[in-house]
């Protein structure tokens, strides 16, 4: 059994919350006169679990009660719950339970119960199981979206701490947009309410946020739209802005109906996309600055290959209003690759780091940007390159040279995530402390479908009771240290559903790649082997 750290915060969460002058946790209901009863309570049965969902005010505190029969007796199974989603991981199929929920008001007083609903855990084939996994992550961006702005929160805790619920992440918001599209296509989100959430986000981004030459900061106050410093760096973050624009372009291409809401979504998405002045982020050496404006007295950090920065170079050239010259892509991205041309576990690797890099480098820029057939003078095919990186991670887990607990065919993949001693960028050999983030393998499903599905099924079956919660697997775990992360992180949840969908149908790749500006940029750059 793993130990879940519910009280301790990772150092980076604590450091940033203190730097921003944000207080500690407060519980919903304290100081409040009334609590709203849960609305639209429903139960959904899945493989080994039953999910409850309802509508409520943000950060309310609830009790969850369960019984084997509708008439009771009911037992309290969760005393203080601060989400409007609850997962009861039963561990068996064919089990029916009855549930009711009630809010906890100020002074620990309780209010009347909701209606009673019933759910049954049930066996699922692979397709239904994958949809259920996608839905869990999608709900991070739907049920847990910031109530004022609709943006994605940086962190997700099952408590009411104000800093975690205030700070929103621009890159995660872009990923969330793709999650909402997948949710609509899979029929797990209501169409009217989801379109309203999309429009809320776009209106807030266009009217209420602090921007820098059209670009956005890494972190943002979800209440006010004010830019917040990330690691003491203010101003715009063009990489996070690119991840946002990836989502915005997918929204524009997806909502093609003629109704008023769809038209406004397209208009606002296009305006936000056109407002980014990409050319201002190019330095005299034809490389993109990561941040702008450059902090006074400091040298601006450039985006160089190989890392998660492929997408900003493509979008900088693709911009219809403020494009950077094509030379920026060839010089700043292709020209700065760390060339390897070596083999690891007999797998050839053209560029990157020895033994591979954190797997999120193969995810973030490629939720919409289809890597199949994309090439440059160092990489013959980015999809094949990513497939090889995932293969190295898998073989490294089988080899397990450092003898960490758990590593194997159903527990593999290293990436950046929380860890027992704080946030880290985990990679094979050099930076490995035994921490596994499920997003690494799950988001690699297009590159390693058999291995990723085996990891998903095995982890869910054998360790789901410890690792699976309302929005899917917790951020990370370390069997050697007997540790499980107490939170979700938006940019780790964000790639899972879109990349699984790209494996299943290619939806997000198709929508992004059909954007006229993207198609033109790829032709201009000459980086794709033929049309797809």
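Numbering (our numbering), first residue to last: 3 to 534. Beta carbons: idealized from backbone N, C-alpha and C, even for Gly. If you're wondering where the values come from, they're calculated on a predicted model, not measured in any experiment.
In the DSSP assignment, find the beta strand (DSSP E) that holds residue i and state where it starts and stops.
i: residue 510; result: Counting along the chain, residue 510 falls outside any beta strand (DSSP E), though it belongs to the alpha helix (DSSP H) covering 509-515.
i: residue 388; result: Taken as a continuous stretch (DSSP letters only), residue 388 belongs to no beta strand (DSSP E), being part of the alpha helix (DSSP H) at 384-401.
i: residue 42; result: 41-48
i: residue 179; result: Segment 172-188 is the alpha helix (DSSP H) holding residue 179; no beta strand (DSSP E) there.
i: residue 222; result: 221-223
i: residue 102; result: 98-105
i: residue 52; result: 51-57
i: residue 441; result: Looking at the DSSP string, residue 441 is not in any beta strand (DSSP E); the run it does join, the alpha helix (DSSP H), is 440-444.
i: residue 353; result: 349-353
Can you have a look at residue i and say buried or exposed, based on whether 16 or more other CB atoms are within 10 angstroms of its CB?
i: residue 181; result: buried
i: residue 106; result: buried
i: residue 258; result: exposed
i: residue 372; result: buried
i: residue 25; result: With a pLDDT of 32 at residue 25, under the threshold of 50, the modelled position of that residue is not reliable, and the figure given next carries that caveat. So residue 25 counts as exposed.
i: residue 40; result: buried
i: residue 222; result: buried
i: residue 28; result: No answer about residue 28 holds up, because its pLDDT of 31 lies below 50 and its placement is not dependable.
i: residue 136; result: buried
Could you give the first and the last residue of the continuous alpha helix (DSSP H) run that contains residue i?
i: residue 498; result: 498-506
i: residue 250; result: 240-256
i: residue 128; result: 128-144
i: residue 526; result: 518-527
i: residue 1; result: Within the shown structure, residues of the chain are numbered from 3 to 534, placing residue 1 beyond reach of any answer.
i: residue 464; result: 451-469
i: residue 276; result: 262-277
i: residue 346; result: Run containing residue 346: none in the alpha helix (DSSP H); it sits in the beta strand (DSSP E), 341-346.
i: residue 314; result: 312-320
i: residue 162; result: Element bounds for residue 162: n/a, residue is neither H nor E.
From residue i to residue j, what distance separates their C-alpha atoms?
i: residue 113; j: residue 104; result: 6 Å
i: residue 229; j: residue 129; result: 41 Å
i: residue 148; j: residue 64; result: 19 Å
i: residue 47; j: residue 53; result: 6 Å
i: residue 432; j: residue 395; result: 13 Å
i: residue 175; j: residue 98; result: 36 Å
i: residue 455; j: residue 115; result: 39 Å
i: residue 490; j: residue 89; result: 15 Å
i: residue 522; j: residue 486; result: 45 Å
i: residue 215; j: residue 423; result: 37 Å
i: residue 337; j: residue 255; result: 32 Å
i: residue 56; j: residue 117; result: 11 Å
i: residue 514; j: residue 183; result: 12 Å
i: residue 162; j: residue 156; result: 14 Å
i: residue 388; j: residue 364; result: 6 Å
i: residue 426; j: residue 361; result: 13 Å
i: residue 476; j: residue 199; result: 25 Å
i: residue 504; j: residue 453; result: 16 Å
i: residue 246; j: residue 59; result: 27 Å
i: residue 269; j: residue 325; result: 20 Å
i: residue 353; j: residue 421; result: 27 Å
i: residue 100; j: residue 45; result: 9 Å
i: residue 266; j: residue 274; result: 12 Å
Are the C-beta of residue i and some C-beta of chain B separated by less than 8 Å?
i: residue 328; result: No chain B appears in the structure shown, which is made up of a single protein chain.
What are the start and end residues of each continuous beta strand (DSSP E) run of 3 or more residues lying completely inside the region 64-89, in chain order?
-> 64-69, 77-83
### Task
Would you check if the region 408-428 and the region 335-346 touch, i.e. whether three or more CB-CB distances between them fall below 8 Å?
no
For the 8 Å Cβ check, are there 3 or more pairs between the region 235-246 and the region 162-169? no
Are the region 378-394 and the region 459-469 touching by the rule of at least three beta carbon pairs closer than 8 Å?
no
inquiry  = Closer than 8 Å is the cut-off here; do at least three beta carbon pairs connect the region 189-203 with the region 133-149?
reply    = yes
Do the region 275-291 and the region 491-498 make contact, defined as three or more Cβ pairs closer than 8 Å? no
Hey, is the region 311-330 in contact with the region 503-511, meaning 3+ C-beta pairs nearer than 8 Å?
no
Next on the checklist: Taking contact to mean 3 or more Cβ pairs, one atom from each stretch, closer than 8 Å, check whether the region 204-212 and the region 399-413 are in contact.
Outcome noted: no
Counting Cβ pairs, one atom from each stretch, are 3 or more of them under 8 Å apart for the region 313-326 and the region 352-363?
no
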